[in-house]
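Numbering-wise, the sequence shown is residues 4 to 585 according to our numbering.
Backbone N, C-alpha and C define an ideal beta-carbon position, used for all residues, glycine too.
Computed from a prediction, not measured in an experiment: that's the story for all the values here.
So the structure is just underneath, and the comments pick up after that.
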Amino acid sequence: MNDFVAPSIDWAAVSPVLIVLAAGVLGVLLEAFVPAKARRTTQLTLTLAALAGSLVAVGLLWDRVQAGAVSVVGGSYLLTPFGLGVQAVIGVCALLGVLVVAERTTTGQDAFAPAAAAVPGTAYEDETRRAGLQQTEIYPLLLFSTGGMLLFPATDDLIVMFVALEVLSLPLYVLCATARRRRLLSQEAAFKYFVLGAFASALFVFGIALVYGFAGTVRLQGVVQVLADPATSPLGSMTALVVVGLVLVLSGLLFKIGAAPLHAWTPDVYQGAPTPITGFMAACTKAAAMGALVRVLFTLANGLNAEVRHDVEVALWAVAILTMLVGTVVGAVQTDVKRLLAYSAIAHAGFLLVGVVGMDEAGSRAVLFYLLAYGLASIGAFAVVTLVRERTVSGDDDAVPAAGPVPDDGVVLGEATRLAQWAGLGRKAPWLTAAFSLFLLSMAGIPLTAGFVAKFGVFSAAVEAGAWPLALLGVLASAVSVFFYVRVIVLMVLTPPSDRERPGRGQAPAAGDDEPVGGVGGTATVTGAATRTLVSRTVVTVVGSRGPAAFAIAVCAVGVLLLGILPAGALDLAGQAAQFRP
């Protein structure tokens with residue numbers, strides 16, 4: 004006799020996740036059946052529609068969840084106001100991130116290799132580039148990753164949380180290796196991310212095993228009940244076992260938000276991955292991981308005794324201080340824009356941890372607002388980076404003017420990420436420079452930007468929890484970080500561009516020779532008695548947007564300003580979503 008009883012599932016509560024994952028599956032089918040010419044448009048439309056539909060589902064569930072948490076299949080999916088708030092932040096950031104991914108610029112090329120599996124530098128890679136192949140598989144991968152992110156902070160089951168962790172991580176490992184240019188650097192970044200991510204996942208699983216060994220359950224609420232009455236544990240009063248398990252689980256989550264000492268992957272992956280994917284990861288992955296960390300930490304902390312809770316708080320203090328220190332000090336000496344933003348992301352992870360040390364609703368409210376403010380600034384900043392490119396200029400030496408504009412007739416290369424190349428960018432693209440400056444000022448926490456309100460919120464939450472020394476250290480670290488943000492702004496606005504610098508020249512060889520001459524960027528070729536110097540060098544140019552990236556930058560800029568000048572509405576919504584307990 005079959006005693007199995009099918010569980011009753013509230014499909015409406017799961018709809019934000021289901022819409023995105025179902026669209027991902029449909030996207031895979033579209034790859035097989037839709038003609039190549041229409042594939043990109045179809046995939047992009049499906050992706051944007053799915054993310055917009057997920058946001059609509061979040062809005063429809065808002066009032067319902069305010070009345071109480073919605074439990075599906077015994078807590079395997081537990082939708083709380085806080086979890087729904089994190090899903091809203093992820094949905095907004097993912098929608099803007101996909102717009103940046105869809106950008107092809109006026110060059111007609113996107114940021115992704117025509118055949119990511121091709122070995123860099125081979126004839127096969129050249130053939131795929133000439134054939135104009137496109138990697139439209141990136142859109143289903145983005146949907147699968149977003150689906151995992153939406154599930155990550157909305158479950159009370161540690162096993163389901165681990166599944167969500169892998170669903171969001173595996174597509175990102177692949178996407179990091181798909182850059183059109185600097186292919187070896189991109190593949191190296193993907194490999195590092197995969198290896199270190201597997202290590203963090205192993206820590207997470209081992210922590211789950213220890214928690215299960217103590218409590219006999221992987222449900223967070225069940226673990227809290229056993230902690231409240233250790234006599235019900237299969238192992239008696241061995242609370243040290245669950246503490247070690249909790250530390251390992253938190254280590255896996257701290258890896259995802261880029262907290263020190265588990266931050267080593269961040270600068271290399273941010274630099275090597277395609278820039279649109281970097282922006283997507285910086286905003287969405289941090290939001291999902293931080294939401295899961297708050298759920299695990301705040302829920303289990305309710306069952307810990309005062310001594311163990313104090314030990315956990317001390318550990319959080321140490322991680323937050325180390326993370327802020329690494330992010331600000333090492334970030335101040337970076338010479339690459341993407342690596343600078345990577346260390347900025349590490350510093351912001353430390354600021355977020357400052358807000359959660361109190362493990363109360365004030366901290367969860369501050370974290371939600373901070374995730375939205377940082378997500379908008381981060382996506383906008385990386386969108387700007389995608390438009391600042393290198394361009395080769397070649398021709399007779401005498402054809403390159405000593406003054407005036409440089410001939411814009413070369414081949415557009417990859418992003419110009421060296422800070423020195425951004426000198427004088429304000430004269431070439433004033434509006435783009437203004438937007439990038441706004442995003443940097445928001446990250447620095449300057450008043451009238453979203454970043455100021457966000458940092459004020461997390462530091463205030465720490466002070467309310469009695470952690471005022473940590474808040475003071477956060478303010479000092481934020482002040483130090485202003486240096487490298489303002490340095491970039493000064494470089495763009497007040498430093499003259501270097502495009503008019505003429506390349507160096509060497510002495511011409513003897514008549515009849517035909518070989519390169521020493522010198523910076525110059526090559527001399529002699530034919531008979533006449534000498535002619537050919538110049539080939541790289542300058543910085545700003546490519547035009549065909550719409551998606553420009554729209555994303557504009558929305559992010561407006562959002563950063565509105566959240567800084569009129570934050571009351573967003574703060575009220577964050578306050579409504581601050582309840583993380585069922």
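Using the Cβ count rule (16 or more neighbours within 10 Å means buried), how would you classify H313?
Answer is exposed; the Cβ neighbour count stays below 16.
Going by DSSP, what residues sit across from A352 in a beta bridge?
Answer by DSSP bridge pairing: none, since A352 is not bridged.
Please report the residue range of the alpha helix (DSSP H) in which L173 lies.
L173 -> alpha helix (DSSP H) spans L161 to L178.
At which residue ranges does the stretch 20-103 contain complete beta strand (DSSP E) runs of 3 or more residues, listed in the order of the chain?
DSSP runs (the beta strand (DSSP E)) wholly in the stretch 20-103: 73-75 and 80-82.
Looking at A60: is its Cβ nearer than 7 Å to the Cβ of S11?
Result no, Cβ atoms of A60 and S11 do not sit closer than 7 Å.
Provide the residue span of the beta strand (DSSP E) that contains G417, from first to last.
Unbroken beta strand (DSSP E) run through G417: V415 to E418.
Over the uninterrupted alpha helix (DSSP H) stretch that includes G135, give me the two end residues.
That residue, G135, is in no alpha helix (DSSP H); it is neither H nor E in DSSP.
To the nearest angstrom, how far is it from the Cα of K259 to the Cα of V561?
Using only the alpha carbons, I get a separation of about 28 Å.
Tell whether a beta-carbon distance below 7 Å holds between S440 and A285.
No, the pair does not count as a contact, with Cβ atoms beyond the cut-off.
Among the residues of its own chain, which have a CB less than 8 Å from the CB of T269, if the five just before and after it don't count?
Counting only Cβ-Cβ distances below 8 Å, and skipping sequence neighbours, we find G261, A345, Y346, A348 and I349.
Any idea which residues DSSP pairs A182 with across the strands?
Bridge partners of A182: F115.
Determine, using beta carbons only, whether E191 and G56 come nearer to each other than 7 Å.
No, these two residues do not count as a Cβ contact at 7 Å.
I believe A438 touches I568 by the beta-carbon criterion, under 8 Å. Please report the beta-carbon distance rounded to the nearest angstrom.
Contact doesn't hold; Cβ gap of about 16 Å is too wide.
P1: which of A318, A465 and S172 sits nearest, CA to CA?
Here the chain has residues from 4 to 585 only, and residue 1 is not among them.
Applying the 10 Å Cβ sphere with the 16-neighbour rule, what's the burial state of G330?
G330 should be labelled buried.
What does R392 pair with, by DSSP beta-bridge criteria?
E418 and T544, per the DSSP bridge assignment.
At which residue ranges does the stretch 435-497 contain complete alpha helix (DSSP H) runs of 4 or more residues, listed in the order of the chain?
If we require 4 residues or more, the alpha helix (DSSP H) runs fully inside the stretch 435-497 come out as 453-467 and 471-496.
So, is D608 buried or exposed, given that buried needs 16 or more other C-beta atoms within 10 angstroms?
Any question about residue 608 goes unanswered here, given that the chain covers just 4 to 585.
Leaving out five residues before and five after V221 in sequence, what residues of the same chain have Cβ atoms less than 8 Å from its Cβ?
Within the same chain, V221 has close Cβ partners D160, L161, I162, I211, V214 and Y215.
Under DSSP, the alpha helix (DSSP H) around F7 begins and ends at which residues?
First-last for F7: undefined, no H or E at that position.
So, do the stretch 118-129 and the stretch 144-161 have three or more beta carbon pairs nearer to each other than 8 Å?
Touching, no, given that fewer than three Cβ pairs across the two stretches are closer than 8 Å.
Just the C-alpha distance for V31 and V103, rounded to the nearest angstrom, thanks.
V31 and V103: Cα-Cα distance of roughly 21 Å.
Does D271 come out as helix, strand or coil in the three-state DSSP assignment?
If DSSP states are grouped into helix, strand and coil, D271 belongs with the helices.
Assuming the contact rule is C-beta atoms closer than 8 Å, G460 and V357 should be a hit. Round their C-beta distance to whole Å, please.
With a Cβ gap of about 10 Å, G460 and V357 do not count as contacting.
Quick one, are the C-beta atoms of T541 and T395 less than 7 Å apart?
Contact: yes.
Does the separation of the CB atoms of V252 and F207 fall below 7 Å?
The answer is yes: Cβ separation under 7 Å.
Are A97 and L54 touching if we call contact CB-CB under 7 Å?
Result yes, Cβ atoms of A97 and L54 sit closer than 7 Å.
The alpha helix (DSSP H) that contains A309, what's its start and end?
It spans A309 to G334 - the alpha helix (DSSP H) in which A309 sits, taken as one unbroken run.
Per DSSP, which residues does R222 bridge with? Please list them.
DSSP output for R222 lists D160 as bridge partner(s).
Who are the near neighbours of W65 in its chain, counting only those whose CB is closer than 7 Å to its CB and skipping five residues on each side?
The residues are L87.
Do three or more CB pairs link the stretch 40-51 to the stretch 167-174 at distances below 8 Å?
Cβ pair count under 8 Å is below three, so no.
Does the beta-carbon of V92 have 16 or more other beta-carbons within 10 angstroms, so that it is buried, or is it exposed?
It is buried - the Cβ of V92 has at least 16 other Cβ atoms within 10 Å.
Quick check on the burial criterion: 16 or more other C-beta atoms within 10 angstroms. Buried or exposed for G282?
Label assigned to G282: buried.
Rounded to the nearest angstrom, how far is the Cβ of A291 from that of A376, given a contact under 8 Å?
Incorrect: roughly 16 Å between the Cβ atoms, too far for contact.
DSSP puts D339 in a beta bridge; with which residues?
Answer is R421.
According to DSSP, simplified to helix, strand and coil, what is M293?
Note: M293 maps to helix in three-state DSSP.
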